[in-house]
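Residue numbers (the numbering used here): 19 to 135.
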């Protein structure tokens with residue numbers, strides 16, 4: 019008795035294909051988590067830099083009486099700045115922005131800028 023040859027996949031080929039597909043989906047899922055963490059970090063970094071730049075711009079357009087050290091909170095970011103007159107026509111501004119990351123670890127970023135009067 020002769021068996022007919024049929025076109026199709028064997029059970030072993032289907033199982034191997036499913037294993038390869040499953041591993042690929044698991045890797046894709048872990049890459050998605052990494053991408054989401056990176057996006058969160060980038061968003062927070064952008065907010066921090068913008069908060070620093072806003073305060074520096076405030077000093078660029080401030081009168082002498084408005085140029086004082088201080089602190090405030092902007093979008094959940096703690097911002098602290100110090101103002102120092104270095105020379106007759108040169109001001110030094112230090113801005114420090116602090117926040118807590120997703121794991122409640124305190125982070126900060128600072129910048130020093132010199133502005134000519």
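Glycine residues also receive a C-beta, built at the ideal position from the N, C-alpha and C atoms. Bear in mind that the values here come from a model prediction, so they are computed numbers and not experimental data.
- Inside the region 32-73, DSSP marks no whole beta strand (DSSP E) run of 3 or more residues.
- Per the Cβ contact rule, the region 124-133 is in contact with the region 96-116 (3 or more Cβ pairs under 8 Å).
- Under the three-state reduction of DSSP output, residue 76 falls in the helix class.
- In the three-state reduction of the DSSP assignment, residue 105 falls in the strand class, which pools E and B.
- Less than 8 Å separates the beta-carbon of residue 87 from that of residue 101.
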